[in-house]
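Quick note on the UniProt record's numbering: the sequence shown kicks off at 1 and runs consecutively.
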Amino acid sequence: MTQPDDRPPWVADGAWRARVTDALGSISEAVYVLDPGDRFTWLNAAAERLLERPATELVGRVIWAEFSDLPGSALQRSLEAARSTRETQHLEFFYDFLDRWFEVRSYPVLDDLVVFFRDVHERRTLDEERAAESSLIRAVLNALPSRTAILDGDGTILTTNAAWAAGTAAAGRPVASRAGANYLDACRVAAANGDPYFRAAVEGLEQVLARQAPSYSLDYAATPAGDRARETTWWHLQVFPVDDGPRVVVTHTDITDRVTAEQRAAWQARHDHLTALPNRAALDEAIAGALADDEGGRVTVLYMDVDGFKQVNDSLGHAAGDLLLRELAARLSHRTRPTDVVGRLGGDEFVVVARDCDASGGEALARRFRSVFDDPFEVAGTRLPLTVSIGIATSDPAPTRPDELLRDADAAMYAAKAKGRNQHLVFTPALRTTLQDRWQITSRLRDAAALDQLVVHWQPVVHLATGDVRGCEALLRWQHPQRGLVGPEDFIPIAEEDGLIVPVTRWLLETTLTQAVTWAEAGLDLVVAVNVSAVHLSTGTLVDDVLGAVARTGVPPRRLVLELTETALARDSDRAAEQFAALRSQGVRLAIDDFGSGYSSLSSVASLPADVLKVDRTLVAGPLPARSATPDAVLAAVTALGRALDMRVLAEGIETPEQLARVRAVGCEYGQGHHLAPPLPADRFAALLAEGRRQTGHQRLPPR
């Protein structure tokens, strides 16, 4: 009996057909043969495993009947196309039965079809994942505001985002902007033409591409050539590797707003907000610089105070007084020599720093400045005949420090005013004997604490989002037996200069913390803030004085905040950082006071272990000089700086509803000022909070 031939009938008899059948039977791909009626005529072992059916069961059976999910599928259409066209068909097909992707190739051979199945599920899945990842990366790239490109190892652009493609990557400079262009070569060409930015950019880019540097960044200014109508913009270039491979990412971020705000904030820190003249900080630097560069010449300081200015404010109002001060600033600026510096200390006090000028030259300048007042000032329709008193101090033979020159010029000014105003006077040591009032204040201040003449008023610190009173600032006052209640501005500077500030601050700390204990026992949950002096900081006793008061009163250190002005911190930032780090390690917190009125650098502020940034009232109040930023922009920049340094931001000097709205709008977290609540004696402060709790059920101020 003849055995049935289980080899495909489309293979002719012969030795070679056995080899072909054996080869198809042993390959890893699934292979089966369909006759013209779509019946299985042969399957290899891989096909049996794929279909999960043995050949003995499938041979002679119609594929569409055996596998009910295949009729109407892409596979059926592909096989029919192979039969009708007599051409090989190729298909990637998702087989639901097996939940996998297959590559299917159909070969017409005589009247039959030879069908090859290859499992491509892993490759197809990986391709789809890569496509999805690529789509995601593209979406992320296009969402970035920075102009971004990815380069290969030789600097050729592989891809860019929409922002890069929308314009040149370095604004105002022609560079490669399309995929396929070589960005590094374009930068080299620009560098060879003398552009300093591109010289630096090429060096940094080459270092990162060679993995000689982990990253590179550069801030640069770009001014469009030949287009004066467009202002200079500022950009931040950053280059960093994508991964361990050769690719790098290049970004150009527009930082114009940030740089402009920083420049304006830096300008404002060194200039008077009303007149745009240099302020005390800038004048100190000008005097110090002149003394350092003196080379045998003399430095003279002229200290000017407008006679009768208070009457202008009282009769015409502060707005008129401000107009007068601006006009005076302009007149003085026009009368100075090119090497002179004119600035405003505050109020109606102006200072001129004159290089290479002795006492007689100072008197000549004083006469010139007094002539500024020969023509009356016209303010609000009123002609104001004013005069000025001027004190003159020179560095020859002494003093040699800015504060000494200013002090002596100030003393000479007061002596000139005492002579009858509209005078100028050169300082002499004999003038010191005329400062009796100052010495009297010093003498009485020594005994003020013992005589119970020092008092503390308390101003609430309010959480602006909730209205909760989270703390208060202890504000020192002097109940003078003759002058009445004297503010700190009238005696603290004298106390600092005459060595009284340390005992006064010790008294203030003890009183403040004792009051905090009393309030805590009454159920008031408050943090108390105490102002400390740079002079106290310089003595080296501040840490012991503070921790001693904390230990004696039993107040938790975290409930005490020490406030030091930005200017004081900047003068000796290393000493401040050391002492405040020691206090902070024990739980005491630090606030940088009057930020925005001084001249500290961002790096020095960032180096301090501070917890609170108190925005100066001048930034809260506005307006700013015409060439400066809008009040809100600078206020927002300072607030953002505080947040970036992980500090709580507190706006001080909130005097109006409009100012309250402004500080809230820029995100200041805390506030204090007369609009919220004025400084009050302890009993009235406690009564105010008690009334607020009665009305609101919380530790808040009473609703207005």
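We treat Cβ as the ideally placed atom computed from N, Cα and C, and that holds for glycine.
Check	Outcome
Confirm, please, whether the CB-CB distance from H675 to Q659 is below 8 Å.	yes
Does the distance from the CB of A568 to the CB of A534 come in under 8 Å?	yes
Out of L316, D408, L405, which one is the CA nearest neighbour of G381?	L316
Name the two residues that bound the continuous beta strand (DSSP E) containing D254.	248–254
Measuring alpha carbon to alpha carbon, tell me which residue in E489, D452, T466 is nearest Q479.	D452
Restricting to Cα atoms, I'd like to know which of A131, L209, I255 is closest to P145.	I255
Going by C-alpha to C-alpha distance, which of R684, F427, C472 sits closest to A415?	F427
Just reading off the beta strand (DSSP E) that I150 is part of, what are its end residues?	147–151
Thinking just about the alpha-carbon of each residue, which of T336, A74, G347, P196 is nearest to the one in E489?	G347
I'd like the span of the alpha helix (DSSP H) that includes F369, first residue to last.	359–371
For H424 versus A366, is the C-beta spacing smaller than 8 Å?	yes
Alpha carbon to alpha carbon, how far is residue 732 from F102?	The chain is shown from 1 up to 704; residue 732 falls before or after that span and cannot be answered.
Looking at the structure shown, is A170 part of a helix, part of a strand, or coil, going by DSSP?	Any answer about A170 is weak, because its pLDDT of 46 lies below 50 and its placement is not dependable; what the coordinates show is given next. Reduced to three states, the DSSP call for A170 is coil.
Please work out which residues of its chain come closer than 6 Å, Cβ to Cβ, to Y303, disregarding the five sequence neighbours upstream and downstream, and give them in chain order.	V351, G391, A409, D410, M413
Tell me whether R627 sits in a helix, a strand or coil according to DSSP, three-state version.	Residue confidence for R627 is low, a pLDDT of 44 falling below 50, so the modelled location carries little weight; the figure read from the coordinates is stated next. Looking at R627 - three-state DSSP - the assignment turns out to be coil, as it is neither helix nor strand.
Are the beta-carbon atoms of I287 and V301 separated by less than 8 Å?	yes
In whole angstroms, give me the CA-to-CA distance for L218 and V208.	13 Å
Would you mind sorting A169 into buried or exposed? The rule is 16 or more other CB atoms within 10 Å of its CB.	Confidence is the limiting factor: at A169 the pLDDT is only 41, short of 50, which leaves the residue's position unreliable and the question unanswerable from this model.
Going by DSSP, name the residue or residues bridged to E103.	E92, R118
Locate the alpha helix (DSSP H) running through W309, then write down its first and last residues.	The question names Trp, but residue 309 is Phe in the sequence shown. It spans 309–316 - the alpha helix (DSSP H) in which F309 sits, taken as one unbroken run.
Taking all protein chains shown into account, do 16 or more other C-beta atoms lie within 10 angstroms of the C-beta of D112, making it buried, or fewer, making it exposed?	buried
How far does the alpha helix (DSSP H) with G548 in it reach, from first residue to last?	542–553
To which residues of the same chain is P609 closer than 7 Å at the C-beta, ignoring the five residues directly before and after it?	A577, F580, A581, R584, L590
Pick helix, strand or coil for P402, following the three-state DSSP scheme.	helix
Answer with buried or exposed for V109, where buried requires no fewer than 16 other C-beta atoms within 10 angstroms of its C-beta.	exposed
Please name the residue or residues paired with A474 in a DSSP beta bridge.	W458, V530
Checking the sheet assignment: what are the DSSP bridge partners for A393?	V301
Extract the residue ranges of the beta strand (DSSP E) inside the segment 203–244, only unbroken runs of 3 or more that lie entirely within it.	216–222, 233–241
Using a C-beta cutoff of 8 Å, does R270 count as contacting chain C?	Judged by its chain identifiers, the structure shown contains no chain C, having just a single protein chain.
State buried or exposed for G596, treating a residue as buried only when at least 16 other CB atoms are found within 10 Å of its CB.	buried
What three-state label does DSSP hand R337 in the structure shown?	coil
In whole angstroms, what separates the C-alpha of V588 from that of V550?	9 Å
Spell out the partners DSSP gives residue 711 in its beta bridges.	The structure shown does not extend to residue 711, since the chain spans only 1 to 704, so no value can be given for it.
Quick check for students: name the residue ranges of the beta strand (DSSP E) that lie wholly in the segment 35–83, counting only runs of 3 or more.	40–43
If contacts are defined as beta-carbon pairs under 8 Å, then V282 and R298 qualify, I think. What distance do you get, rounded to the angstrom?	Residue 282 is actually Ala in this sequence, not Val. Not quite, the Cβ-Cβ distance comes to about 21 Å (not below 8 Å), so this is no contact.
Using three-state DSSP, classify F198 as helix, strand or coil.	helix
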